[in-house]
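K.L.:
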Amino acid sequence: MNYFKLSFFLFFINNISLQAQEYKPLLGHSNEWHFTTCFFGCLTDIYYAKTDTVVNGKPHKILDGYHYISRSFLLHEDVPEQKVYMTKVNETSIEEYLLYDFTLQTGDSIDMVNPITPFPQQAGYFTVDSIRLKTLEDGEDYRHFYFSPSTSNTISNNNCIWIEGVGSMSLINAPSGEPDLNGVGALSCFFKNGQSIYMNLDSIDACMPTLSSTEEISNAPSLVLVQKENRIEIFHTDAIARLQLFEINGKRISSFLNTSRRDQITFETHTLSKGIYVILAEGLSGEKSLLKFVK
Numbered sequence: 026m027n028y029f030k031l032s033f034f035l036f037f038i039n040n041i042s043l044q045a046q047e048y049k050p051l052l053g054h055s056n057e058w059h060f061t062t063c064f065f066g067c068l069t070d071i072y073y074a075k076t077d078t079v080v081n082g083k084p085h086k087i088l089d090g091y092h093y094i095s096r097s098f099l100l101h102e103d104v105p106e107q108k109v110y111m112t113k114v115n116e117t118s119i120e121e122y123l124l125y126d127f128t129l130q131t132g133d134s135i136d137m138v139n140p141i142t143p144f145p146q147q148a149g150y151f152t153v154d155s156i157r158l159k160t161l162e163d164g165e166d167y168r169h170f171y172f173s174p175s176t177s178n179t180i181s182n183n184n185c186i187w188i189e190g191v192g193s194m195s196l197i198n199a200p201s202g203e204p205d206l207n208g209v210g211a212l213s214c215f216f217k218n219g220q221s222i223y224m225n226l227d228s229i230d231a232c233m234p235t236l237s238s239t240e241e242i243s244n245a246p247s248l249v250l251v252q253k254e255n256r257i258e259i260f261h262t263d264a265i266a267r268l269q270l271f272e273i274n275g276k277r278i279s280s281f282l283n284t285s286r287r288d289q290i291t292f293e294t295h296t297l298s299k300g301i302y303v304i305l306a307e308g309l310s311g312e313k314s315l316l317k318f319v320k
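26 is the number of the first residue of the sequence shown in the working numbering; add one for each residue after it.
1. Beta carbon of ASP230, beta carbon of GLN46: below 9 angstroms?
2. Which of the three DSSP states is assigned to GLU241 in this structure?
3. Where does HIS169 sit, in a helix, a strand or coil, going by DSSP?
4. Identify the continuous beta strand (DSSP E) that holds MET224 and give its terminal residues.
5. Only counting the same chain, and skipping five residues up and downstream in sequence, which positions put a Cβ closer than 7 angstroms to that of ASP70?
6. What are the boundary residues of the beta strand (DSSP E) that ASP126 is part of?
7. What is the rounded straight-line gap between the Cα of ILE180 and the Cα of LEU161?
8. So what's HIS85 in DSSP terms, helix, strand or just coil?
9. Under 8 angstroms: do the region 106-126 and the region 78-85 share three or more Cβ pairs, one atom per stretch?
10. Please classify GLN233 as buried or exposed, where buried requires at least 16 other C-beta atoms within 10 Å of its C-beta.
11. Going by DSSP, which residues form a beta bridge with VAL191?
12. Taking ILE186 and ARG168 to be in contact with their CB atoms under 8 angstroms, please state how far apart those CB atoms are, rounded to whole angstroms.
13. Closest by CA to SER228, which one among LEU196, CYS63 and ASN178?
14. TYR91 by DSSP, collapsed to three states: which one?
15. For a test of the three-state rule: what should DSSP assign to PHE64, helix, strand or coil?
16. Here's the rule: buried if 16 or more other CB atoms are within 10 angstroms of the residue's CB, otherwise exposed. What is THR262?
17. Would you kindly work out how many angstroms separate the C-alpha atoms of ASP163 and MET194, rounded to a whole number?
18. In the DSSP assignment, the beta strand (DSSP E) including ARG277 goes from what residue to what residue?
19. Following a CB-centred definition, is TYR73 positioned closer than 8 angstroms to any heavy atom of the ligand NAD?
20. Distance check for ASN225 and ILE304, CA to CA, integer angstroms please.
21. If you measure between the beta carbons of GLU120 and PRO140, is that distance less than 9 angstroms?
22. So SER55 packs on GLY190, CB below 8 angstroms; how close in whole Å?
23. In three-state DSSP terms, what is GLU116?
24. At which residues does the beta strand (DSSP E) containing MET137 begin and terminate?
25. Pick helix, strand or coil for PRO105, following the three-state DSSP scheme.
26. Candidates GLN130, ILE265 and TRP58: which alpha carbon is nearest CYS214's?
27. State the DSSP-derived secondary structure class of TYR48, mapped to helix, strand or coil.
28. Taking C-alpha atoms, which residue in ASP133, ALA199, ASP288 and VAL319 lies nearest to HIS295?
29. Using the Cβ count rule (16 or more neighbours within 10 Å means buried), how would you classify LYS86?
30. Per DSSP, which residues does HIS59 bridge with? Please list them.
31. Check the DSSP bridge columns for MET111 and list the partner residues they point to.
32. Give the single residue among ILE265, PRO105 and TYR73 whose Cα lies nearest to the Cα of SER285.
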């Protein structure tokens, strides 16, 4: 009986602590996510949210970098409602998706969507199994939301985790995404306004921000990938001997020998299934680099 009373008391105190926790917004002046995949060794991609814009009268941050280089992926946060949305700007339409609802309580369910990701776009309902406070890199406590598929969910079979103020442990626009370094990938670092918030050093040596609150986003890779509707175009390839296209699981799809030292190479993508793809570029001296894109 005493054990039951103690357990109930601790549960009651924990709930009060969670409810009293002040909401920590996800979007700041600048946000920086490092996303790691292990494919021919581990590779970390970086994407950002810094530039402001307004869509349908609402303030947004523009995602840039990684496979968001089209700058048509926007994030909007309703701080009083504790909700984060993604807005996708298309040529003829604007689509809005609810990504995160941080007002959820243990036992609540939410219909998760993963827009424009390798995961099912309509992922089905997930239930909050528990919410726990954990201290992150800035010394602050953040709520961690632990989800599992609801009993009615016939689409997804993986668990997922949200971190208040950070987002998914996978891609930011994949709230139900399963973090998997050997698959789609996993979040390894997150910075807000240049300050380290989240860090996972399982497959990387360190987390260092590349974007400060005062500098502009600047990427100057030797190769430039431009994704169009049914093809990708790769520029500055005159020093590249060979390009190979792989699925994320390592299956090679095609290969191109650049014997004529062309400065631009095109891969047709209309026959590819939805997913993440990797292009392995081999230089004339044997150096290698990776490019990734999402179909």
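Note that beta-carbon positions come from the ideal geometry of N, C-alpha and C, so glycine has one too.
P.N.:
This is what the structure gives:
1. no
2. Low confidence applies to GLU241: its pLDDT is 35, below 50, so where it sits in the model is not reliable enough to give any reading.
3. strand
4. 220-224
5. PHE60, TYR91 and LYS317
6. 119-126
7. 32 angstroms
8. strand
9. yes
10. One point to set straight first is that residue 233 is Met, not Gln, in the sequence displayed. Under this definition MET233 is an exposed residue.
11. According to DSSP, which records beta bridges pairwise, VAL191 is partnered with nothing at all.
12. Not quite, the Cβ-Cβ distance comes to about 11 angstroms (not below 8 angstroms), so this is no contact.
13. CYS63
14. helix
15. coil
16. buried
17. 18 angstroms
18. 277-282
19. You won't find the ligand NAD in this model; it holds no ligand whatsoever.
20. 26 angstroms
21. yes
22. So it is not a contact: roughly 14 angstroms between Cβ atoms.
23. coil
24. 134-138
25. coil
26. TRP58
27. coil
28. VAL319
29. buried
30. ILE71 and CYS214
31. LEU100 and TYR122
32. ILE265
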